[in-house]
Amino acid sequence: MSKITPIAAAVAAASLFLVAGQGTAQQAPAATQGAAPAKPAATAPDATGVKRPEPLKKRAPDKAAPQTEVLIMDSQGIRMAPANVSAQMLAEYLILESAGFDLSQATQEGTTGKDRLVQDDIQKLCSLGKGQQLDPKAAQKVSEIATASIKYPEGGIKLGDWKKGRDLAWSGFGFRTAHNPDDHSKQQPGANCYNCHQLATDRTGGTIGPPLTSYGKLRGNSEEILKYTYGVIYNAHAFFPCTNMPRMGARNILTQEQIADVMAYLFDPASPVNTSAMSGMSGM
Amino acid sequence: MLKKVLLSLPIALAVTGAIAAQAPEDVLDRLVTKAGNPAYLTQSPQNRMMMPDNPAYMVADDGEKLFKEKRGPKNASLEECDFGEGPGVIKGAYVELPRYFPDTGKVMDLESRLIYCMKTLQGFTDNDQQIKKRHGNDSDMMKLQTYIAMQSNGMPWNPPLSHPLEKAMRDAGEVMFYRRAGKMDFACSTCHAATGLRIRASVLPNKDVPEEWTKAISWPAFRVGQDNVRSSQHRLLECLWQMRYPNIKPGSDASIALISFWTDAARGQPAILPDMKR
Chain A
453 MSKITPIAAA
463 VAAASLFLVA
473 GQGTAQQAPA
483 ATQGAAPAKP
493 AATAPDATGV
503 KRPEPLKKRA
513 PDKAAPQTEV
523 LIMDSQGIRM
533 APANVSAQML
543 AEYLILESAG
553 FDLSQATQEG
563 TTGKDRLVQD
573 DIQKLCSLGK
583 GQQLDPKAAQ
593 KVSEIATASI
603 KYPEGGIKLG
613 DWKKGRDLAW
623 SGFGFRTAHN
633 PDDHSKQQPG
643 ANCYNCHQLA
653 TDRTGGTIGP
663 PLTSYGKLRG
673 NSEEILKYTY
683 GVIYNAHAFF
693 PCTNMPRMGA
703 RNILTQEQIA
713 DVMAYLFDPA
723 SPVNTSAMSG
733 MSGM
Chain B
55 MLKKVLLSLP
65 IALAVTGAIA
75 AQAPEDVLDR
85 LVTKAGNPAY
95 LTQSPQNRMM
105 MPDNPAYMVA
115 DDGEKLFKEK
125 RGPKNASLEE
135 CDFGEGPGVI
145 KGAYVELPRY
155 FPDTGKVMDL
165 ESRLIYCMKT
175 LQGFTDNDQQ
185 IKKRHGNDSD
195 MMKLQTYIAM
205 QSNGMPWNPP
215 LSHPLEKAMR
225 DAGEVMFYRR
235 AGKMDFACST
245 CHAATGLRIR
255 ASVLPNKDVP
265 EEWTKAISWP
275 AFRVGQDNVR
285 SSQHRLLECL
295 WQMRYPNIKP
305 GSDASIALIS
315 FWTDAARGQP
325 AILPDMKR
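Rendered as structure tokens:
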């Protein structure tokens, strides 16, 4: 018959944990400690009302199993039991406890792979499933956390060197680990701007973020707009809760000096961002 | 590169001739029409033109030989391997993976099932190059995967969800798809939940448009920029690298949960095998 698998074991542990919550078992297994409480499976198809098409072919009956049950493994061996494990619990198990990822892998910032995978508050609040809207209370919380994280430079915001900023904006290097870790001793991490934004029009930028061509030309360089822009680069969630934009300052991806250089690229009248022709740009 | 393509021409013609009704470029063309010329499917006319001469055919040709050859300490071929449709049946098997296998108690994808058969039927171990080397045109793994997957060209993705573990894995994969983490807070959905978005010049496929998504998940595909045939597991590896995640273990349950979800998202759409990508 079936062999014991890590997943089956996790499902079993989680099932027992839930049973324990109902007062019918003595102890919750250690494997479930630290697991998120069983929230309603908001991203599960049943909850979102998304109907997947039926399988095109009928499976052979001997391969099918009862629809309402999940394979579990416990002291009684492998058997089928009621499905009590949320997709969230299984996902957390697969990511953090099943040895699916190299949790001890060294990162460039001196932490481990596990630190990259464990979610902080903003990541948790912003992991929205298909069709799931950010509720206003969560949005406010995200914005508050983000606002509190922003550290403005002592002595006010000054623009750096737009040429250095251009190189940073173009570079997608840095902090990649996995099978081919970026070596920061050979090259400094970039700001990744062009991955998602069109800036100067001499190079092709992505469209995940809004186009920023003529950024300074359109907005001027008042203290207010400089402070706002610094904040957006540092932690954009303060202004756009659950934005896709990485928290370049709050997560120590860029230094304050590098942010100043990127800002010079955005604001300096001599920067190609502000000297580029805007014709043909969409979405402005 | 060009020389390689020219060398592959006679073989490619022979192979495409045999499956003319099912040529992957025809599958793609029909999808392009049906979906109204979406940017993702049409972004590389050059690749579309080269599809009849896809170097992946050469890799698959080697794979067919390896599949039928008696190999390993047990001197056996892979012709008795059960990919879910019964021993030796590979036609249509790939589009119904990942699936639950009672003999292992696990949900397995093509790569993990292939390795299981190479171990149990042929006697190879994890330390043998035949299993250890997962990537590259010259790897047994990619030769075999390309050959096996190609036997599902044009067939609709239809991974079974009748077993509770299949459904549990698919649903966990969905959570993982939307779960933000890493140095830059990325989830799969950061790039793959809208249509027509670009990373720099590359148009991204939308998981919610199955006609686009089937091309996105049609691996093995020859990646022109890498001059190699690549697998689903390789695609996953590279996405997670860009996402600033730590290394994922090939064939891990975490990887198969994601592949289960992404295959389900293309359900009903025809597979393009082998595909050619940028």
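Line order of the protein sequences matches chains A and B. Take the first sequence: its position 109, counted from the start at 1, is 561 in our numbering, and no numbers get skipped. Take the second sequence: its position 31, counted from the start at 1, is 85 in our numbering, and no numbers get skipped. We put the CB at the ideal spot given by N, CA and C, even for glycine. It should be emphasised that the depicted structure is a prediction, and the values quoted were computed from it without experimental measurement.
C-alpha distance - residue i paired with residue j, whole-angstrom precision
i: Ile660 of chain A; j: Ala130 of chain B; result: 51 Å
i: Tyr111 of chain B; j: Met700 of chain A; result: 44 Å
i: Gly658 of chain A; j: Leu258 of chain B; result: 10 Å
i: Gly583 of chain A; j: Gly250 of chain B; result: 18 Å
i: Thr653 of chain A; j: Arg188 of chain B; result: 40 Å
i: Gly683 of chain A; j: Ser595 of chain A; result: 12 Å
i: Gln540 of chain A; j: Gly642 of chain A; result: 33 Å
i: Glu606 of chain A; j: Asp587 of chain A; result: 35 Å
i: Asn282 of chain B; j: Asp194 of chain B; result: 13 Å
i: Phe315 of chain B; j: Glu228 of chain B; result: 6 Å
i: Pro328 of chain B; j: Ser206 of chain B; result: 10 Å
i: Ile185 of chain B; j: Phe178 of chain B; result: 7 Å
i: Ser309 of chain B; j: Ala688 of chain A; result: 31 Å
i: Leu546 of chain A; j: Arg277 of chain B; result: 29 Å
i: Lys173 of chain B; j: Tyr717 of chain A; result: 57 Å
i: Phe137 of chain B; j: Asn260 of chain B; result: 29 Å
i: Ala621 of chain A; j: Met297 of chain B; result: 18 Å
i: Pro698 of chain A; j: Cys645 of chain A; result: 10 Å
i: Asp157 of chain B; j: Met104 of chain B; result: 41 Å
i: Asp613 of chain A; j: Gln183 of chain B; result: 51 Å
i: Val537 of chain A; j: Leu219 of chain B; result: 11 Å
i: Ser623 of chain A; j: Ala93 of chain B; result: 25 Å
i: Met196 of chain B; j: Asp567 of chain A; result: 33 Å
i: Pro324 of chain B; j: Ile271 of chain B; result: 11 Å
i: Gly311 of chain B; j: Asn726 of chain A; result: The amino acid occupying residue 311 of chain B in the given sequence is Ala; Gly does not appear at that position. Each residue's Cα considered, the two are about 46 Å apart.
Pick from the options that is closest to residue i, judged by C-alpha positions
i: Ile202 of chain B; options: B:Met297, B:Glu139, B:Ala241; result: B:Glu139
i: Gly608 of chain A; options: A:Ala729, A:Glu676, A:Phe719; result: A:Glu676
i: Phe627 of chain A; options: B:Ala275, B:Thr244, B:Phe240; result: B:Phe240
i: Asp83 of chain B; options: B:Lys261, B:Lys269, B:Cys245; result: B:Lys269
i: Leu611 of chain A; options: A:Ser723, A:Thr727, A:Ser728, A:Asn632; result: A:Ser723
i: Ala729 of chain A; options: A:Ala688, A:Tyr667, A:Lys576; result: A:Tyr667
i: Ser243 of chain B; options: A:Cys694, A:Leu555, A:Phe553; result: A:Cys694
i: Leu198 of chain B; options: B:Met104, B:Asn301, B:Gly117; result: B:Gly117
i: Glu265 of chain B; options: B:Pro213, B:Thr96, B:Glu134; result: B:Thr96
i: Gly279 of chain B; options: B:Ser98, B:Pro210, B:Asp80; result: B:Ser98
i: Val633 of chain A; options: B:Ala222, B:Arg224, B:Tyr299, B:Arg254; result: Before going further, note that residue 633 of chain A is Pro rather than Val in the sequence given. Nearest C-alpha to Pro633 of chain A: B:Tyr299.
i: Glu165 of chain B; options: B:Leu294, B:Pro274, B:Cys293, B:Ala325; result: B:Pro274
i: Lys221 of chain B; options: B:Asp262, B:Asp318, B:Asp180; result: B:Asp318
i: Lys124 of chain B; options: B:Met196, B:Cys171, B:Lys331; result: B:Cys171
i: Phe692 of chain A; options: A:Ala598, A:Asn647, A:Gly552; result: A:Ala598
i: Gln640 of chain A; options: A:Cys648, A:Lys616, A:Ala630; result: A:Lys616
i: Lys589 of chain A; options: A:Val714, A:Asn647, A:Ile574; result: A:Ile574
Nearest-angstrom Cβ-Cβ length linking residue i and residue j, presumed shorter than 8 Å
i: Ser550 of chain A; j: Arg233 of chain B; result: In fact, because the Cβ distance is near 15 Å, the residues do not count as touching under 8 Å.
i: Leu670 of chain A; j: Leu651 of chain A; result: With a Cβ gap of about 13 Å, Leu670 of chain A and Leu651 of chain A do not count as contacting.
i: Asp163 of chain B; j: Ser286 of chain B; result: 7 Å
i: Arg655 of chain A; j: Lys237 of chain B; result: About 24 Å; that fails the 8 Å criterion.
i: Ile705 of chain A; j: Tyr686 of chain A; result: Not a contact, Cβ separation roughly 10 Å.
i: Thr564 of chain A; j: Gln571 of chain A; result: That pair is no contact at about 15 Å.
i: Ala543 of chain A; j: Met230 of chain B; result: 5 Å
i: Asn212 of chain B; j: Val149 of chain B; result: 6 Å
i: Val256 of chain B; j: Arg167 of chain B; result: Going by the sequence as given, residue 256 of chain B is Ser instead of Val. Between Arg167 of chain B and Ser256 of chain B the Cβ distance is about 31 Å, and since that is not below 8 Å, they are no contact.
i: Gln708 of chain A; j: His636 of chain A; result: No, Gln708 of chain A and His636 of chain A are not in contact; Cβ-Cβ is about 18 Å, not under 8 Å.
i: Arg153 of chain B; j: Pro214 of chain B; result: 5 Å
Within chain A, the residues that residue i reaches when beta carbons sit closer than 7 Å
i: Thr244 of chain B; result: Asn696
i: Ala241 of chain B; result: Ser579
Residue i: contacting residues in chain A (beta-carbon distance under 9 Å)
i: Ser166 of chain B; result: Those within 9 Å of Ser166 of chain B in chain A number zero; the least Cβ separation is about 12 Å.
i: Ala147 of chain B; result: The premise fails here: Ala147 of chain B is roughly 12 Å from chain A at the closest Cβ pair, so nothing lies under 9 Å.
Listed by chain order, chain B residues near residue i by CB distance under 8 Å
i: Asn647 of chain A; result: Ile253, Arg254
i: Ile705 of chain A; result: Lys237, Met238
i: Phe627 of chain A; result: Lys237, Met238, Arg298
i: Gln557 of chain A; result: Pro300, Asn301
Amino acids of chain B, ordered along the chain, whose beta-carbon sits closer than 9 Å to that of residue i
i: Ser601 of chain A; result: Those do not exist, as Ser601 of chain A stays about 13 Å from chain B at its closest Cβ, beyond 9 Å.
Beta-carbon neighbours of residue i, restricted to chain B and to distances below 7 Å
i: Arg618 of chain A; result: Residues of chain B passing the Cβ test: none, with the nearest at roughly 15 Å.
i: Ala630 of chain A; result: Leu291, Leu294, Trp295, Tyr299, Pro300, Asn301
i: Gly657 of chain A; result: Arg254
i: Ile597 of chain A; result: Those do not exist, as Ile597 of chain A stays about 13 Å from chain B at its closest Cβ, beyond 7 Å.
Interface residues of chain A facing residue i [CB-CB closer than 8 Å]
i: Ser309 of chain B; result: Gly552
| query | Whole alpha helix (DSSP H) runs in the stretch 570 to 602 of chain A with 4 or more residues, listed along the chain? | reply | Qualifying alpha helix (DSSP H) stretches, in chain order: 573 to 577, 588 to 601.
| said: Restricting to runs no shorter than 4 residues, where is the alpha helix (DSSP H) found entirely within the stretch 649 to 693 of chain A? | reply: Entirely contained in the stretch 649 to 693 of chain A, the alpha helix (DSSP H) runs reaching 4 residues are, in chain order, 667 to 671, 675 to 687.
| request: At 3 residues or longer, and completely inside the stretch 192 to 277 of chain B: list those beta strand (DSSP E) runs for me, N to C. | output: As far as the stretch 192 to 277 of chain B is concerned, its whole beta strand (DSSP E) runs of at least 3 residues are 275 to 277.
| query | What residue ranges within the stretch 109 to 164 of chain B form continuous beta strand (DSSP E) runs of no fewer than 3 residues, ordered along the chain? | reply | The beta strand (DSSP E) runs of length 3 or more contained entirely in the stretch 109 to 164 of chain B are, from start to end of the chain, 153 to 155, 160 to 162.
| query | Counting only runs that start and end within the stretch 595 to 641 of chain A, where is the alpha helix (DSSP H) found for 4 or more residues in a row? | reply | Counting whole runs of 4 or more residues, the stretch 595 to 641 of chain A contains the alpha helix (DSSP H) stretches 614 to 622.
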